[in-house]
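Every position in the sequence shown, counted from 1, becomes a number in this note's numbering once 7 is added.
Each residue gets a CB set at the ideal place from its N, CA and C atoms; glycine is no exception.
These figures come from a predicted structure and were not determined experimentally.
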Amino acid sequence: MPLPTGNVPWPPPHLKPALDSMHTWDTWWSGDPDRLEQLYGGSTGGGPDPKRLAATMSGGVWGRISRWWWGTPTAAGERRTKMHVPIAGDLCGGSADLLFSEPPKFTVDHEATQDRLDELVDDGMLATLQTAAEVGAALGGIYLRPVYDKELGDRPWIVAEHADRAIPEWSWGRLSAVTFWKVVRKDDGQVWRWLQRHEPGAIFHGLYQGTADQLGHPVPLEDSEATAPFAPLVGEDGGIPTGYGKLDVVYIPNQSSRRWRAMDRLQHLGRSDLDGVEPLMDALDETYSSWMRDIRLGKGRIVVPESYLQSQGPGRGASWNPDQEAFAGVNMLNRGDGMALTVAQFAIRVNEHRDTAEDLVNQILRSAGYSGQTFGLGGDVAVTATEVVSKERRSMTTRGRKILRWRPALAQLVEAWLAVDQFVFGGSIVPQRPTVEFEDSVQEDPLALANTVDVLRRAQAASTDTLVRMAHPEWDDTMVQAEVGRIRQETGMAVEDPMQAGMLP
8 MPLPTGNVPW
18 PPPHLKPALD
28 SMHTWDTWWS
38 GDPDRLEQLY
48 GGSTGGGPDP
58 KRLAATMSGG
68 VWGRISRWWW
78 GTPTAAGERR
88 TKMHVPIAGD
98 LCGGSADLLF
108 SEPPKFTVDH
118 EATQDRLDEL
128 VDDGMLATLQ
138 TAAEVGAALG
148 GIYLRPVYDK
158 ELGDRPWIVA
168 EHADRAIPEW
178 SWGRLSAVTF
188 WKVVRKDDGQ
198 VWRWLQRHEP
208 GAIFHGLYQG
218 TADQLGHPVP
228 LEDSEATAPF
238 APLVGEDGGI
248 PTGYGKLDVV
258 YIPNQSSRRW
268 RAMDRLQHLG
278 RSDLDGVEPL
288 MDALDETYSS
298 WMRDIRLGKG
308 RIVVPESYLQ
318 SQGPGRGASW
328 NPDQEAFAGV
338 NMLNRGDGMA
348 LTVAQFAIRV
358 NEHRDTAEDL
368 VNQILRSAGY
378 SGQTFGLGGD
388 VAVTATEVVS
398 KERRSMTTRG
408 RKILRWRPAL
418 AQLVEAWLAV
428 DQFVFGGSIV
438 PQRPTVEFED
448 SVQEDPLALA
458 NTVDVLRRAQ
468 AASTDTLVRM
478 AHPEWDDTMV
488 QAEVGRIRQE
498 TGMAVEDPMQ
508 AGMLP
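Laid out in structure tokens, this is it:
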């Protein structure tokens, strides 16, 4: 049986470095200040933990992480004033937008298969790819696979499996098998996990009852509502055929890995866009929190003599009304400095904080492989597509590197998708690997494009067919030919030449 048969540590120990890193990236990506404080050991207002403070001063793991700004404890009796800037979410979301602002185009050379593929792709695939690309940018990679449920629809669809719930196996740098796991139940210290192991041609299902750090022993699939529907479908070995002779799962690494280069079982995992910029994001949060602190402390305050205060009664203290227009005379011999009002107004260091924050943001974007223009830095002045590409060259280069990994993976995924569709739902399609084309993420300005087409037409440097394709790159051959025919008809080019038709003697 390909699934584990004994009680083993879970997750597998060799995955711990990767899972720890993914947990850090996921925490920054989530944008949750509570999770950040928990990750780096900061408290939430109860004062510093004496044991943790001692560990901080003596070094070690707690000493290292507590030196982060998010690891600094909040003083006892004070509210938390730490502010988080969700730039990690902006980075990952921007990466997904660069890749899939437009849907990729899939082309096969079989008409019936192409028609069916168009139906499948239109069924929410772009939204799945956008979400998968964002998660992959955060965790360093993403798994994609086809699934189906005859009770939910008459076609399969694509789902994304997150990298922090997968155990991959590699052969010569390529994914050869993978096991996904999901916690389906917790009760009185016991944990039930659902394991799905994907191998070429089959998916094996298993349900295990264990503890928080031990997989435990296999139990019948009927013991959980999540796995019970698969019980009558699996064979004696616990497997279900996929109808596809190869592995039905693809893994798309976000970028080349740096930290696991020398680890055999981890070296093919991808690298997050947040890898290495965590200290800069920590410093950015500290900068903005300091800025907000200046604003709080810089609020104008009026210091008044005690004689100006109005008693609220025994045991209720006294107060000062700054809007009161008239005051009763104060019974004192002479009027000195003790009766003066003092206005306290502290300076707010706006420029210093803004310059520091902007420099940190630029450094974060540059380290992650993006241009500031991609995220709206530098203004929103309308420019041509050529100028946009020039200003966003670093982002376009990063996009190109990611496309090199996405294109072959999507081709294999679509082939598996078609094979599963034919195996489960039938039809006359021929499963095959398509040609994948990514659309240009920067659209040409319509006026500039029209001027280019006009210059080429007047220079007689391009045919009508070529000019139509330039003006409408999204059109297929049928639409282009129809438009060319209409243009020829309107311009009189479609009138038959009398000399050629034999109309003259």
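Quiz item: Is it the case that the Cβ atoms of S102 and A140 are separated by a distance below 8 Å?
Solution: Against the sequence shown, residue 102 aligns to sequence position 95. Against the sequence shown, residue 140 aligns to sequence position 133. Cβ atoms of S102 and A140: closer than 8 Å.
Quiz item: Does the distance from the CB of D171 to the CB of M29 come in under 8 Å?
Solution: For this step, residue 171 is matched to residue 164 along the sequence shown. For this step, residue 29 is matched to residue 22 along the sequence shown. Taking 8 Å as the Cβ cut-off, D171 and M29 qualify as a contacting pair.
Quiz item: In chain order, what residues of the same chain lie with their CB nearer than 7 Å to the CB of W35, ignoring the 5 residues before and after it?
Solution: Walking along the sequence shown from the start, residue 35 turns up at place 28. The answer, listed in chain order, is A95, L281, E285 and M288.
Quiz prompt | Rounded distance between the beta-carbons of L10 and R204, thought under 8 Å | solution = As a working mapping, residue 204 is identified with position 197 in the sequence shown. As a working mapping, residue 10 is identified with position 3 in the sequence shown. Going by Cβ atoms, the distance from R204 to L10 rounds to 6 Å, so yes, they are a contact pair.
Practice problem: Would you mind reading off the limits of the beta strand (DSSP E) that contains R200? | Solution: Looking up residue 200 in the sequence shown gives position 193. From DSSP, the beta strand (DSSP E) with R200 extends over Q197 to E206.
Quiz item: Does DSSP put I494 in a helix, a strand or coil?
Solution: Indexing the sequence shown from 1 puts residue 494 at position 487. The answer is helix: DSSP assigns I494 an H, G or I state.
Exercise. If I'm right that W201 touches T234 with Cβ under 8 Å, what's the distance once you round it to whole angstroms?
Key: Counted from its first residue, the sequence shown places residue 201 at position 194. Counted from its first residue, the sequence shown places residue 234 at position 227. Indeed they touch by this definition, with Cβ atoms about 5 Å apart.
Practice problem: Measure the alpha-carbon distance for P19 versus P480 and round it to whole angstroms. | Solution: Translated into the one-based positions of the sequence shown, residue 19 becomes position 12. Translated into the one-based positions of the sequence shown, residue 480 becomes position 473. Their Cα atoms are separated by approximately 49 Å.
Self-check item: Span of the beta strand (DSSP E), counted from its first residue to its last, around H169
Solution: As a position in the sequence shown, residue 169 is number 162, starting the count at 1. It spans W164 to H169 - the beta strand (DSSP E) in which H169 sits, taken as one unbroken run.
Quiz item: According to the Cβ coordinates, are A426 and P438 closer than 8 Å?
Solution: Along the sequence shown, read from residue 1 onward, the residue named residue 426 stands at position 419. Along the sequence shown, read from residue 1 onward, the residue named residue 438 stands at position 431. Taking 8 Å as the Cβ cut-off, A426 and P438 qualify as a contacting pair.
Quiz prompt | DSSP-derived helix/strand/coil call for I149 | solution = As a first step, residue 149 must be located in the sequence shown, where it is residue number 142. Residue state, collapsed to three classes: strand.
Quiz item: Using DSSP with H/G/I as helix, E/B as strand and the rest coil, what is R59?
Solution: As a first step, residue 59 is located in the sequence shown; it is residue number 52 there, counting from the start. Confidence is the limiting factor: at R59 the pLDDT is only 47, short of 50, which leaves the residue's position unreliable, though a coordinate-based value still follows. Correct three-state label for R59: helix.
Quiz item: If you run the structure through DSSP and keep just helix, strand and coil, what is P248?
Solution: In the sequence shown, counting from the first residue as 1, residue 248 sits at position 241. Three-state DSSP puts P248 in a strand.
Exercise. Ignore the nearest five residues each way along the sequence and tell me which others in M132's own chain have a CB closer than 8 Å to its CB.
Key: By 1-based counting over the sequence shown, the position of residue 132 is 125. Answer for M132: P110, W164 and I165, listed in chain order.
Quiz item: Does the count of Cβ pairs from the segment 225–233 and the segment 152–159 closer than 8 Å reach three?
Solution: no
Quiz item: Which residues in the same chain as M90 place their Cβ atom closer than 7 Å to its Cβ, once the five residues preceding and following it in sequence are excluded?
Solution: To locate residue 90, count along the sequence shown from 1; it is residue 83. Correct list, in chain order: D292, Y295, S296 and M299.
Quiz item: For S65, which residues from the same chain have a beta carbon less than 6 Å from its beta carbon, with the 5 sequence-adjacent residues on both sides left out?
Solution: As a first step, residue 65 is located in the sequence shown; it is residue number 58 there, counting from the start. In this predicted model, S65 has a pLDDT of only 47, less than 50, meaning its place in the structure is not dependable; the value taken from the coordinates is given anyway. Nothing meets the Cβ criterion.
Quiz item: With contact counted as at least three CB pairs below 8 Å, one residue from each stretch, are the segment 429–436 and the segment 459–473 in contact?
Solution: no
Practice problem: To the nearest angstrom, report how far apart Q488 and E497 are at their CA atoms. | Solution: Mapped onto the sequence shown, residue 488 falls at position 481. Mapped onto the sequence shown, residue 497 falls at position 490. Q488 and E497: Cα-Cα distance of roughly 14 Å.
Quiz prompt | L214 - DSSP class collapsed to helix/strand/coil | solution = Counted from its first residue, the sequence shown places residue 214 at position 207. Of the three classes helix, strand and coil, the one that applies to L214 here is strand, per DSSP.
Exercise. Starting from the C-beta of V128, find all residues in its chain whose C-beta is less than 8 Å away, skip the five residues before and the five after it, and write them out in chain order.
Key: To locate residue 128, count along the sequence shown from 1; it is residue 121. For V128, where only same-chain residues beyond five positions count, the Cβ hits under 8 Å are P110 and F113.
Quiz item: The alpha helix (DSSP H) with T34 in it runs from where to where?
Solution: The sequence position of residue 34 within the sequence shown is 27, counting from 1. It spans K23 to S37 - the alpha helix (DSSP H) in which T34 sits, taken as one unbroken run.
Quiz item: Among I371, I247 and G147, which one has its Cα closest to the Cα of S263?
Solution: Walking along the sequence shown from the start, residue 263 turns up at place 256. Nearest of I371, I247 and G147 to S263, Cα basis: G147.
Exercise. Determine the contact status of D301 and R266, defining contact as a CB-CB distance below 8 Å.
Key: Mapped onto the sequence shown, residue 301 falls at position 294. Mapped onto the sequence shown, residue 266 falls at position 259. Contact flag unset, no.
Quiz prompt | Reduced DSSP secondary structure (H/G/I, E/B, other) of W188 | solution = Here residue 188 is taken as the residue at index 181 of the sequence shown, counted from 1. W188 falls in the strand class under three-state DSSP.
Quiz item: Are G383 and T405 close, meaning C-beta to C-beta below 8 Å?
Solution: The residue labelled residue 383 in the question sits at position 376 within the sequence shown. The residue labelled residue 405 in the question sits at position 398 within the sequence shown. Taking 8 Å as the Cβ cut-off, G383 and T405 do not qualify as a contacting pair.
Quiz item: First and last residue of the alpha helix (DSSP H) that includes Y377?
Solution: One-based indexing of the sequence shown puts residue 377 at position 370. It is not in any alpha helix (DSSP H) - Y377 carries neither H nor E in the DSSP assignment.
Quiz item: In its own chain, which residues sit with a C-beta less than 8 Å from the C-beta of P441, not counting the 5 before and 5 after it?
Solution: On the sequence shown, position 434 is the one that residue 441 refers to. Once the five neighbours on either side are set aside, the close Cβ partners of P441 are F113, T114, V115, L124, A418, V421 and E422.
Quiz item: In three-state terms, what does DSSP make of L182?
Solution: Here the question's residue 182 lines up with position 175 in the sequence shown. DSSP places L182 in strand when its eight states are reduced to three.
Quiz item: Just how far apart, CA to CA, sit G245 and A290?
Solution: Taking the sequence shown and counting its residues from 1, one reaches residue 245 at position 238. Taking the sequence shown and counting its residues from 1, one reaches residue 290 at position 283. Computed Cα separation, rounded: 51 Å.
Self-check item: C-alpha gap between G13 and G38, whole angstroms
Solution: Taking the first residue of the sequence shown as position 1, residue 13 is located at position 6. Taking the first residue of the sequence shown as position 1, residue 38 is located at position 31. Answer to the nearest angstrom: the Cα atoms are 38 Å apart.
Practice problem: Report all residues from its chain with a CB closer than 6 Å to the CB of T349; omit the five preceding and five following residues, and keep chain order. | Solution: Within the sequence shown, the letter at position 342 stands for residue 349. Answer for T349: V310, listed in chain order.
Exercise. Mark V190 as exposed unless 16 or more other C-beta atoms lie within 10 angstroms of its C-beta, in which case mark it buried.
Key: For the purposes of this step, residue 190 is taken as the residue at position 183 of the sequence shown. Burial call: exposed.
Practice problem: From the DSSP output, in three-state form, read off W17 for me. | Solution: Mapped onto the sequence shown, residue 17 falls at position 10. Coil at W17, not helix or strand.
Quiz item: So is G78 buried or exposed if we call it buried at 16+ other beta carbons inside 10 Å?
Solution: What you label residue 78 is simply residue 71 of the sequence shown in a count that begins at 1. With 16 or more Cβ atoms within 10 Å of its Cβ, G78 is classed as buried.
Exercise. Take the Cβ of M486 as the centre, count every other Cβ of all protein chains shown within 10 Å, and call the residue buried at 16 or more, exposed below.
Key: Numbered from its first residue, the sequence shown carries residue 486 at position 479. M486 comes out exposed.
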